[in-house]
Amino acid sequence: MDKSSLWQAILGELEVTLAPGNFHTFFKPSEISEITDTKIVIAVKNVFIRNHIEKKWHSLLVDIFRQRGYTEQTVMYTMLSSDKLKSKPGDESVVLQNQTQTKPAVFRPSPNPITQSTPPSSDITHSYRQGLSPRYTFENFIVGSGNELAYAACQGVAVNPGTKYNPLFLYGGVGIGKTHLIQAVGNGVIANNPNAKIVYVSTEQFIQEFLDAVRYKKNTDFAAVYRGADVLIIDDIQFIANKEKTQDEFFHTFNALHQANRQIIMTSDRPPKEIPTLTDRLRTRFEWGMSIDMHAPDFETRCAIVQSKAANRDFILKPDVVDFLANLIQTNIRELEGILNKLIATCEVRNLDPTIDVAQALFGNVRRPRHLSAKQVVEKTAKHFRVSVDELLGPKRDKDIVMPRQVAMYILRSELKLSFPKIARELGRNDHTTAIHSINKIATEEALNSELRSAIQEIRERLYA
Ligand code: ADP
Ligand code: MG
């Protein structure tokens, strides 16, 4: 068997064993780079992924290789080479399968009086760069459950703006990386084409500029700037609710850009249909391209984010401290950065090592109960779905009992890492293949069904509350 088929077979095995977030973040983008008589080398995307695999799944991998007859080899890790990385941005297969062109698209020079005189140099700053911050890139964005689809779509747009997913609409809660990703698109487009005209604007700023333009009779200048963009990125579009005049103006901007195949990217804290007072004509346009529901990253991804942000500041945190911080803040990554910054600042000022004791002293005791029990998982799941624990453990096969039962198994696997036979027993079944089947089913559905995803998120939050 060649390296690639072997890895595909192993991925198949890992996919049914691991929680989907872990599988997609840590294993899917990896590959076997070398097999000899003495070693098997696995190439991974970055150092955080390597650390995690080494820490949590090394022995599992070794076992899997042993079972396949690779008994003599040492399993080791390396980084994917950078050209491989470029052709492997996240899990492309999810949304980019129809992407045939990998070269950056060449921009049509758009006849625009405002920038025509601008020399084609990458270090110029003109009004089309104002809102972009170099701090937000694809490279420093950690991909995991909750954001991988959005990440892949954003990368697709950065490579070929205006040609697919137009508009791109990302929505989801506060602090989960929406602004980061859409800014990364802007920066990515500029990296491919330094002359691209990018407008990044918050919706509040857009509204304010529009009102000023009306007041000072500069409407045409205002329209020219926005309609001259190659890529218009507008953040937090939900604030356009109740702003009738601005909605009219944005409608025309949108049409002008869309007709000219210019890329429009928006974010919102909710889907278009839930933005109150949004005119129908805007709502339908927002839904024309691709809407992606982002949600809070899972525990593993939060750990990787903490490690990455600490490493950027030249701080190495021990695994127990990383786990502690990632448990403390479950949804808002901005808050997670906040507590990390506080820990780092305290350690710098007081000249301390960032140990678990220091972290606990600063932020109180762990919110996550040390011994989350299987019983608690079953109880909280039953409660959430308004069924009784007896029903979950019993023989009934009605749909409204089976689904909660499967969710309970899924959470037992993702949170307590129990074995399949043990999970089956906890739910009163004696066949462990039932557990495997149930967990796979929920994993697949979780990716597709946002209602189920929020149910699982809510149960997890109750468990750790
Ligand atoms: P939103 O716009 O969804 O409210 P932001 O994009 O402003 O959230 O993200 C909040 C902070 O968290 C930013 O500093 C961002 O860099 C960081 N962040 C969020 N998700 C990630 C991620 N997956 N990897 C790295 N940093 C992240
Ligand atoms: Mg934001």
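Mapping of the sequence shown onto my numbering: position 75 corresponds to residue 55, and the numbering continues sequentially without gaps.
Built from N, CA and C at the ideal position, the CB exists for glycine as well.
These numbers were taken from a predicted model, which means no experiment stands behind them.
Counting along the chain, Glu14 sits inside the beta strand (DSSP E) bounded by residues Glu11 to Ile15. No Cβ-Cβ contact shorter than 9 Å links Val205 with Gln243. Judged by DSSP secondary structure, Met246 falls within the beta strand (DSSP E) whose first and last residues are Gln243 to Ser248. The continuous beta strand (DSSP E) containing Leu212 extends over residues Val211 to Asp215. In the displayed model, Ile20 falls within a strand according to three-state DSSP. When C-beta atoms of the stretch 256 to 263 are compared with those of the stretch 226 to 240, three or more pairs fall below 8 Å, so the two segments count as touching.
In the structure shown, the three-state DSSP call for Met389 is helix. In the three-state DSSP reduction, Ile381 falls in the helix class (H, G or I). Inter-residue distance for Ile381 and Ala435 is about 15 Å (C-alpha atoms, whole angstroms). Separation of Trp268 and Phe149 (C-alpha to C-alpha, rounded to the nearest whole angstrom) is 9 Å.
Taking 8 Å as the cut-off, the C-beta of Asp215 counts as close to a heavy atom of the ligand MG. For Arg46, the closest C-alpha among the options Asp215, Gly318 and Ile(-10) is that of Ile(-10). When DSSP assignments are scanned along the stretch 166 to 219, the uninterrupted stretches of beta strand (DSSP E) that are 3 or more residues long and fall wholly within it turn out to be 178 to 182 and 211 to 215. In the DSSP assignment, Leu308 falls outside any beta strand (DSSP E) and lies within the alpha helix (DSSP H) extending over Pro299 to Leu308.
Taking 4 residues as the shortest admissible run, the stretch 238 to 287 contains the following complete alpha helix (DSSP H) segments, listed from N- to C-terminal end: 260 to 266. Excluding sequence positions up to five before and after Cys283, its CB lies within less than 6 Å of the CB of Val302 and Ala306, all in the same chain and listed in chain order.
Secondary structure at Val338: helix, using DSSP grouped into helix, strand and coil. Under DSSP, Thr(-3) forms no beta bridge with any residue. Residue environment analysis places Asp411 among the exposed positions, since fewer than 16 neighbouring C-beta atoms fall within 10 angstroms of its C-beta. In this structure, Thr233 has its CB at a distance of at least 8 Å from all heavy atoms of the ligand MG.
Boundaries of the alpha helix (DSSP H) harbouring Tyr444: Ser430 to Tyr444, taken from the DSSP string. Residue burial annotation: Glu431 is exposed, with fewer than 16 other C-beta atoms found within 10 angstroms of its C-beta. The Cβ-Cβ distance between Lys19 and Met56 falls below 9 Å. Not one heavy atom of the ligand ADP sits closer than 8 Å to the Cβ of His275.
Around the ligand ADP, the residues selected by a Cβ distance under 5 Å to any of its heavy atoms are Phe121, Ile122, Val154, Gly155, Ile156, Gly157, Lys158, Thr159, His160, Ile285, Ile313 and Arg314, following chain order. The beta carbon of Lys322 sits closer than 7 Å to the beta carbons of Leu342 from its chain, once the five residues preceding and following it are set aside; these are given in chain order. Look at Leu41 here: in three-state DSSP terms it is helix.
Excluding five sequence positions before and after Phe219, the CB atoms of its chain that fall closer than 6 Å to its own CB belong to Thr183 and Glu184, given in chain order.
Under the 8 Å Cβ criterion, the stretch 269 to 277 counts as touching the stretch 151 to 158, having at least three qualifying pairs. When DSSP states are grouped into helix, strand and coil, Tyr108 belongs to the helix group.
Per DSSP, reduced to three states, the secondary structure at Phe118 is coil, with no helix or strand assignment. Relative to the ligand MG, Thr247 has its C-beta within less than 8 Å of a heavy atom. Taking the Cα positions, Asp278 is about 18 Å away from Leu161. In the assembly as shown, Arg207 is a buried residue. Its beta-carbon has 16 or more other beta-carbons within 10 Å. Between the alpha carbons of His238 and Asn140 lies a gap of roughly 14 Å. By alpha-carbon distance to Leu41, the top candidate from Leu(-14), Asp17 and Gln340 is Leu(-14).
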